[in-house]
Amino acid sequence: MSAVDAAVEVTVNRESCCGAGQCALAAPEVFTQSEEDGLVVLLDPNPPAELHDAVRRAESHCPTRSVTVR
Ligand code: SF4
13 MSAVDAAVEV TVNRESCCGA GQCALAAPEV FTQSEEDGLV VLLDPNPPAE
63 LHDAVRRAES HCPTRSVTVR
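Here it is, written out as structure tokens:
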């Protein structure tokens, strides 16, 4: 698999995030929560291949659909 095929781009929407934390549970290397407002903070918009399953889990578990993986 080439690097291009393997690349994903993760985005988060802090406007719709409710701070449920499912993303940070699923992929703590990629998502955390702000100590100030509890909302999602994206740590790595281009995570390595071994984290792709985890970020897709975060996408599907987010109750407000604030995580997008492309
Ligand atoms: S799972 Fe969704 S709502 Fe919860 S902190 Fe992450 S982005 Fe926000």
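Quick note, the sequence shown lines up with residues 13 to 82 if you use my numbering. Note that the Cβ used here is the ideal one computed from N, Cα and C, for glycine as well.
query: Spatial neighbours of G31 within its chain, please: C-beta separation below 8 Å, excluding the five flanking residues on both sides.; result: Q45, D49, G50, L51 and V52
query: Between the Cα of A61 and those of S78, R82, P75 and H73, spot the shortest distance and give me the residue it belongs to.; result: R82
query: Distance, Cα to Cα, A19 vs P75?; result: 25 Å
query: L63: buried (16+ other C-beta within 10 angstroms of its C-beta) or exposed?; result: buried
query: Could you check where the beta strand (DSSP E) with V24 kicks off and where it finishes?; result: V22 to V24
query: Where do the N-terminal and C-terminal ends of the beta strand (DSSP E) with V52 fall, by residue?; result: V52 to L54
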